[in-house]
Amino acid sequence: MTHTITETGPFERLVKFRISEEAINEAKKVAARRLSEGIKIRGFRPGKAPLPIVEATVGADRVRKEAIDEALPKVLEEILEEQDLQPAVRPRLESLNEEEGAVEAEVRITLWPTIETPNYKDRKIVVTNPEVTDEELEENIKRMLEQFGTVEEVDRPAGEGDFVSIDITATKDGEEVEGATVSDLLYEVGSGGFLEGADEHLTGKKARDVVEFNGPLPSGFGERAGEEVLFKITLNEVKERVLPELDDEWVDENTEFETVEELREALREQLRDVKVRAAAREFSEKALSTLRDEVDIEIPDGLIEAEANDIIHNFLHRLEDAELSLEDYFRATGTNSDVLVADAKEQAKVSILNRLVLESIVEAEGITVTEEELSNAVQALAARSGDPVRFIKAFRQAGQELALAGDILRNRALDVILSNASPVDEDGNPLDLTIQGQDVVGEVVSDEVVEGEVVALEEEE
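Counting in the numbering used here, the sequence shown tops out at residue 462, every number present.
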């Protein structure tokens, strides 16, 4: 088999090879059989018409084209196996030229990059201190009291945190905007979850005041969202929030605790649990990103493009599940297709670098996964799917075992990184990322691979 392989980049090769006339003629038989299965040829059953009859029916050129499409990947596969080359993405056909009955082809392949394993031993990773400050505790208590609070009318200008009862109208060129008229809306001044510019105009105003200002229609107005209109807001009432007094009696009547001190300690513990989990995730992400940032490598464009396409495909699938169109997303975010593609490519680079780092550690540490462990992982996935029998069948039909094994290996490599790193605060002091003596870092990381595989398989289905 005549072929040449040229290195066109650190991880790219251009494979030039010849498909002989004999190979094409042999492939014509397969092509004719496949073509005849989809057309009716008088006197022959589907798939049984001989080559000359099929050529006469659909044309010799079409049969030859189908034959080349049949033969080319097989010839390329033989060459790559012989040279022990494994493309990371689908090979790209660069040229195809006829030559005396044979065909000369040029195919560009992208190989999976390799890197030197970065030093992952004895790392100190700076993360947010999970200890709860007095200010955080008081803010949390205030939010709890607000849930039990009342509002009372006051005779003074509205300020941040006050509630106002308002009527709203919107007009465009003197015409009222349909759906933009609201009466007796109770709104918290300064909450920011309202019309753009409304907080600024409402602050300092009293009951019966009227304010007018230009601003964009909010996202709920579909195609008209963002359109500049004239808003008119009439203040009917100004109300202030009145919070209950925090004492032992109130705590005993409204919570599961008996005293203010018990409540404070319980809230502090709950807040710390939340902050510890957040810090554990930050620790995991930073431990990997620190190593990733030390990798100096030019990722092949073909690999980035393929990974970005997968990211976009999965994103579109999630939009579809949410019954949203891409146009809806662009309107809500103020972005466009160029931004979407650029973001996907950046995500692709991070994903590829993460994989390179983790796989280098898999090799360095000699990490393995047994058949029993893989089987147990599949069973765990199936148990989460809601239909275990159907899931396992679909999983195996999709050939996902190898992908799952790779994810398990990379997850174990991440465990190695984390076990060799220490979380510290900004001053370099060690941090405790446990909850009641239990390691949270491993708990936060452990489910990510399994959940990712379930999602990936569902998207393929």
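For glycine and all other residues, C-beta sits at the position ideal for the given N, C-alpha and C.
- Counting along the chain, the unbroken beta strand (DSSP E) around L186 starts and ends at V183 to E189.
- Collapsing the DSSP output to three states places S423 in a strand.
- In the structure shown, T334 adopts helical secondary structure according to DSSP, grouped into three states.
- Relative to V417, the option among E299, N120 and V239 whose CA is nearest is N120.
- DSSP, reduced to helix, strand and coil, places V178 outside both helices and strands of the structure shown, so it counts as coil.
- Under the DSSP assignment, S285 falls in the alpha helix (DSSP H) whose first and last residues are V261 to R293.
- Between the alpha carbons of G180 and G216 lies a distance of about 16 angstroms.
- An exposed status is given to I40, since fewer than 16 other beta-carbon atoms sit within 10 Å of its beta-carbon.
- One Cα belongs to D85, the other to E132, and the distance between them is close to 54 angstroms.
- According to DSSP, E372 shares a beta bridge with no other residue.
- In the DSSP assignment, K29 falls within the unbroken alpha helix (DSSP H) covering E22 to E38.
- Within the model, the alpha-carbon separation for L112 versus E224 is close to 45 angstroms.
- Apart from sequence neighbours up to five positions away, the residues of its chain that approach L138 with a beta-carbon distance below 8 angstroms are R265, L268, R269 and L272, ordered along the chain.
- With contact defined as three or more Cβ pairs closer than 8 angstroms, the region 190–205 and the region 156–168 are in contact.
- CA-to-CA, the gap between T291 and D70 works out to about 45 angstroms.
- Apart from the 5 residues on each side of it in sequence, V230 sits with its Cβ closer than 8 angstroms to the Cβ of A171, T172, K173, V178, A181, N215, G216, P217 and L218 in its chain, given in chain order.
- Of the candidates V252, I313 and V351, the residue whose Cα lies closest to the Cα of R293 is V351.
- Taking C-beta atoms under 8 angstroms as the contact rule, I362 and T115 fail to qualify, at a distance of about 13 angstroms.
- In the DSSP assignment, L236 falls within the beta strand (DSSP E) that extends over E229 to V243.
- For K233, same chain residues with a beta-carbon under 8 angstroms away, outside a window of 5 residues either side, are I169, T170, A171, T172, V211, V212 and E213 in chain order.
- Apart from sequence neighbours up to five positions away, the residues of its chain that approach L73 with a beta-carbon distance below 7 angstroms are I20 and A106, ordered along the chain.
- By the 16-neighbour rule on beta-carbons within 10 angstroms, A159 is buried.
- Using a Cβ-Cβ distance cut-off of 8 angstroms, the region 43–53 and the region 2–13 are not in contact, since fewer than three pairs of beta carbons, one from each stretch, lie closer than that value.
- Scanning the region 297–369 for uninterrupted alpha helix (DSSP H) segments of 4 residues or longer gives 302–322, 327–334 and 338–366, listed from N- to C-terminal end.
- With a threshold of 16 other beta carbon atoms within 10 Å, F149 falls short and is exposed.
- Annotation for E228: K173, P217, L218 and F222 place their beta carbon closer than 8 angstroms to its own, counting only its chain and skipping 5 residues before and after.
- With fewer than 16 other Cβ atoms from the protein chains shown falling within 10 Å of its own Cβ, E95 counts as exposed.
- Pairing I305 with A349 gives a Cβ-Cβ distance under 8 angstroms.
- Ranked by how close their Cα comes to the Cα of D426, the residues E263, E283, K122 and T58 have E283 in first place.
- In this structure, the alpha-carbon of L236 lies about 10 angstroms from that of L187.
- Residue burial annotation: L403 is exposed, with fewer than 16 other C-beta atoms found within 10 angstroms of its C-beta.
- If the five residues before and after R93 are omitted, its C-beta is found closer than 6 angstroms to the C-beta atoms of R109, all from its own chain and listed in chain order.
- Around the beta carbon of S220, fewer than 16 other beta carbons lie within 10 angstroms, which makes this residue exposed.
- A straight line joining the alpha-carbon of E82 with that of S376 spans about 29 angstroms.
- With contacts defined by Cβ atoms closer than 8 angstroms, L244 and E147 form a contacting pair.
- If the five residues before and after L357 are omitted, its C-beta is found closer than 7 angstroms to the C-beta atoms of P114, I116 and V296, all from its own chain and listed in chain order.
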